[in-house]
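See structure below.
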Amino acid sequence: MKKLQRFLVCAPCVMILAACASGGTGGLSSRYTRDLGRQLVPTLEEAVMKVWAKDNWHVQRQENTQTRVYWESQWRPFEPPVGAAVTGPTDARMRIIIRGRGMVAELDGGLQFRVTFDGEYEVRGGVSTDWRPAPVPDEAEDVFDQVFMDMSLEIRTGVRR
10 MKKLQRFLVC
20 APCVMILAAC
30 ASGGTGGLSS
40 RYTRDLGRQL
50 VPTLEEAVMK
60 VWAKDNWHVQ
70 RQENTQTRVY
80 WESQWRPFEP
90 PVGAAVTGPT
100 DARMRIIIRG
110 RGMVAELDGG
120 LQFRVTFDGE
130 YEVRGGVSTD
140 WRPAPVPDEA
150 EDVFDQVFMD
160 MSLEIRTGVR
170 R
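Here it is, written out as structure tokens:
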């Protein structure tokens with residue numbers, strides 16, 4: 010009976026630990042995603058334009074509807090990390106996508122959007138000449154981190170104006 014009790018206590022713990030251990034991407038995701046929170050379009054639009062212009066990101070596509078906002082940058086060439094295998098990628102590229110979906114109408118008639126910042130990373134060469142998603146290397150993550158932090162700061166200061 011005591012062994013059964015131990016088993017009934019330990020089995021769920023082991024399952025929970027296994028689920029937690031496998032829940033992350035382990036750094037193997039081709040997408041970098043961060044939350045920019047709830048934003049109004051004018052504040053967000055100003056942040057995108059200022060930060061992207063400063064960092065030389067160019068808008069490829071932009072949409073702004075009652076239920077959705079979307080900015081997509083052009084792909085930017087990126088040097089694949091040094092030390093890749095001989096048959097590894099020869100070219101890499103990255104881009105930024107800002108997405109928001111309508112959440113709450115403000116008293117002044119504006120609409121708040123729940124906004125995410127996504128960075129995408131692709132490579133080609135090695136096994137294929139086609140572009141394909143690849144894990145985001147630390148160097149590319151540093152670039153995405155910097156743009157995300159600049160946008161967060163611009164949004165915070167834009168709200169205070």
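The sequence shown begins at 10 in the working numbering and counts up by one. Idealized CB from N, CA, C, for every residue including glycine.
Residue M158 holds the alpha-carbon nearest to the alpha-carbon of D127 among M158, Q75, K59, V50. Comparing C-alpha distances from E81 to each of G111, D100, T125 shows the shortest one belongs to T125.
Counted as a single uninterrupted DSSP element, the alpha helix (DSSP H) harbouring V50 occupies residues 50–63. Rounded to whole angstroms, R47 and V60 show a C-alpha spacing of 18 Å. When the alpha-carbon of V50 is set against those of A143, P89, F122, the nearest one is in F122. If you check the CB distance, W140 and R104 do not come in under 9 Å.
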